[in-house]
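One structure below.
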Amino acid sequence: MGVFDGRVAIVTGAARGIGRAEAMLLAAEGAKVVVNDLGGGAAGDGADSGPAEAVVDEIAAAGGTAVANTDDIATWSGAESVVNQAIEQFGRLDVLINNAGILRDKMSFSMSEQDWDAVINVHLKGHFCMTRFAGAYWRERSKAEGRPVDAAIVNTASESGLYGNAGQVNYAAAKAGIAAMTIVVARELERYGVRVNAIAPVARTRLTEAVAGDYMKVADGDFDRFAPENVAAVACWLASPLTAGISGQVIKVQGGVVQLLEGWRPLTEATADNPWTIDGVEGVRDQLFAKTDGTIPPFFFPSPAS
Ligand SMILES: NC(=O)c1ccc[n+]([C@@H]2O[C@H](COP(=O)([O-])OP(=O)(O)OC[C@H]3O[C@@H](n4cnc5c(N)ncnc54)[C@H](O)[C@@H]3O)[C@@H](O)[C@H]2O)c1
436 MGVFDGRVAI
446 VTGAARGIGR
456 AEAMLLAAEG
466 AKVVVNDLGG
476 GAAGDGADSG
486 PAEAVVDEIA
496 AAGGTAVANT
506 DDIATWSGAE
516 SVVNQAIEQF
526 GRLDVLINNA
536 GILRDKMSFS
546 MSEQDWDAVI
556 NVHLKGHFCM
566 TRFAGAYWRE
576 RSKAEGRPVD
586 AAIVNTASES
596 GLYGNAGQVN
606 YAAAKAGIAA
616 MTIVVARELE
626 RYGVRVNAIA
636 PVARTRLTEA
646 VAGDYMKVAD
656 GDFDRFAPEN
666 VAAVACWLAS
676 PLTAGISGQV
686 IKVQGGVVQL
696 LEGWRPLTEA
706 TADNPWTIDG
716 VEGVRDQLFA
726 KTDGTIPPFF
736 FPSPAS
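FYI, the numbering for the sequence shown is 436 to 741, going by the numbering used here.
The structure is reproduced here in structure tokens:
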């Protein structure tokens, strides 16, 4: 018995890295999988149907069931076609893992319009387009069956967007948007029985090898902490019925550590009985920036008087 027996899953960007490991694990646990990947370069250039087909072959060789899809999930029609393929080919859809991604790192002052648009498109619009069509399908199914469907979306955020990585303004903005979208869509789809969570992964893939190759080397005798399979286990756990009741959450996985991340929340407070003035706010700035644990946030500039 597999955790995903009888279920149908889509994984976007499933030909390489984390997405490939997710597709392989879903299939090994009994899911029928749509392996979506347009097979382009790490910066989103080009297209090739070979990589998605190779993963489908690997899944079949291991005794699983999968079908390849090479649509661009960052387009309205491409996303609709991936969702339709799952339903037409396998009769239903239960799991959507939004994973496809590219990188075009630049400092903000050197970034081109194309670099901004390409990264925002694949990550932010890609997550949205897939969610839009999968969500519409689940809403219809829930109404037709007269009960909540038992389905799950797992999005792929990144620490880069949650903590802010210099040199990745396009990517970080998209990933922060994906974390926000996770909460919004979790609220919207709850009544139809769809859970929506996100991971913030760290793994050795073609996107990280160039910048973090040495850091991700594994000492002899240690388990492979940065293998994409290590991340896939967390994503698939969130996609599985084991996490019924968990929604709107972002979980980081790096090596042997998983963390539940918390988003924007009030940290300190200053109040006034009269309308705020510039001087009035200046008067409470130290109160505003004094955290209860005595530390000060980064980028805090003390008032000239203190
Ligand atoms: N590797 C890490 O440490 C890390 C850290 C944080 C977040 N992530 C995120 O994890 C996800 C997977 O990244 P990875 O590291 O496995 O990279 P990867 O390059 O190995 O895999 C990404 C896949 O997405 C596919 N893809 C790109 N654009 C697509 C599109 N428009 N339609 C369909 N497929 C498309 C690519 O062809 C590629 O096969 C990304 O969203 C990435 O931002 C990775």
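Glycine included, every Cβ here is placed at the ideal spot set by N, Cα and C. These numbers come from a predicted model, not from an experiment.
- Message: Classify Ala503: buried if its beta carbon has 16 or more other beta carbons within 10 angstroms, exposed otherwise.
- Response: Taking the first residue of the sequence shown as 1, we reach residue 503 at position 68. With 16 or more neighbouring CB atoms inside 10 Å of its own CB, Ala503 falls in the buried class.
- Just the C-alpha distance for Phe544 and Asn556, rounded to the nearest angstrom, thanks. Counted from its first residue, the sequence shown places residue 544 at position 109. Counted from its first residue, the sequence shown places residue 556 at position 121. Roughly 20 Å separates the two Cα atoms.
- Hey, how far is the Cα of Ala509 from the Cα of Ala477? The residue you call residue 509 lines up with position 74 of the sequence shown. The residue you call residue 477 lines up with position 42 of the sequence shown. Each residue's Cα considered, the two are about 15 Å apart.
- Query: Three-state secondary structure (DSSP) at Ile508?
  - Reply: If you number the sequence shown from 1, residue 508 lands on position 73. It is coil, neither helix nor strand.
- Have a look at the DSSP bridge pairing and note the partners of Leu696. Locating residue 696 in the sequence shown gives position 261, where the first residue counts as 1. Residue pairing by DSSP places Leu696 opposite Val685 in a beta bridge.
- Message: Do Phe661 and Val669 have their beta-carbon atoms positioned less than 8 Å apart in this structure?
- Response: Here residue 669 corresponds to residue number 234 of the sequence shown, with the count starting at 1. Here residue 661 corresponds to residue number 226 of the sequence shown, with the count starting at 1. No, the Cβ-Cβ distance between Val669 and Phe661 is not below 8 Å.
- Got a sec: does ligand 1 put a non-hydrogen atom nearer than 7 Å to the Cβ of Pro636? Along the sequence shown, one-based indexing puts residue 636 at 201. Answer for Pro636: yes, Cβ within range of ligand 1.
- Could you please give the first and the last residue of the uninterrupted beta strand (DSSP E) stretch that includes Ala601? Translated into positions along the sequence shown, residue 601 becomes position 166. Per DSSP, Ala601 belongs to no beta strand (DSSP E) and is neither H nor E.
- Message: Please tell me whether Val517 and Gly570 are closer than 8 Å, where the distance is taken between their beta carbons.
- Response: Position 82 of the sequence shown holds residue 517. Position 135 of the sequence shown holds residue 570. No.
- Could you tell me whether the Cβ of Gly485 comes closer than 8 Å to any Cβ of chain C? Judged by its chain identifiers, the structure shown contains no chain C, having just a single protein chain.
- Straight-line gap, Asn627 to Asp529 (C-alpha atoms, nearest Å): In the sequence shown, the residue the question calls residue 627 occupies position 192. In the sequence shown, the residue the question calls residue 529 occupies position 94. Residue identity check: residue 627 is Tyr in the sequence provided, not Asn. It is roughly 12 Å from the alpha-carbon of Tyr627 to the alpha-carbon of Asp529.
- Item | Spatial neighbours of Glu464 in its chain, beta-carbon cut-off 6 Å, leaving aside the 5 residues before and after | Position 29 of the sequence shown holds residue 464. Correct list, in chain order: Gly437, Val438 and Phe439.
- Take Glu523 as the anchor and find which of Ile445, Gly498, Gly683 and Arg455 has the nearest alpha-carbon. Residue mapping note: residue 523 aligns to position 88 of the sequence shown, counting from 1. Shortest Cα-Cα distance from Glu523 to any of Ile445, Gly498, Gly683 and Arg455 involves Ile445.
- Which class does Asn632 belong to by DSSP, given the choice of helix, strand or coil? In the sequence shown, residue 632 corresponds to position 197, counting from 1. Strand at Asn632.
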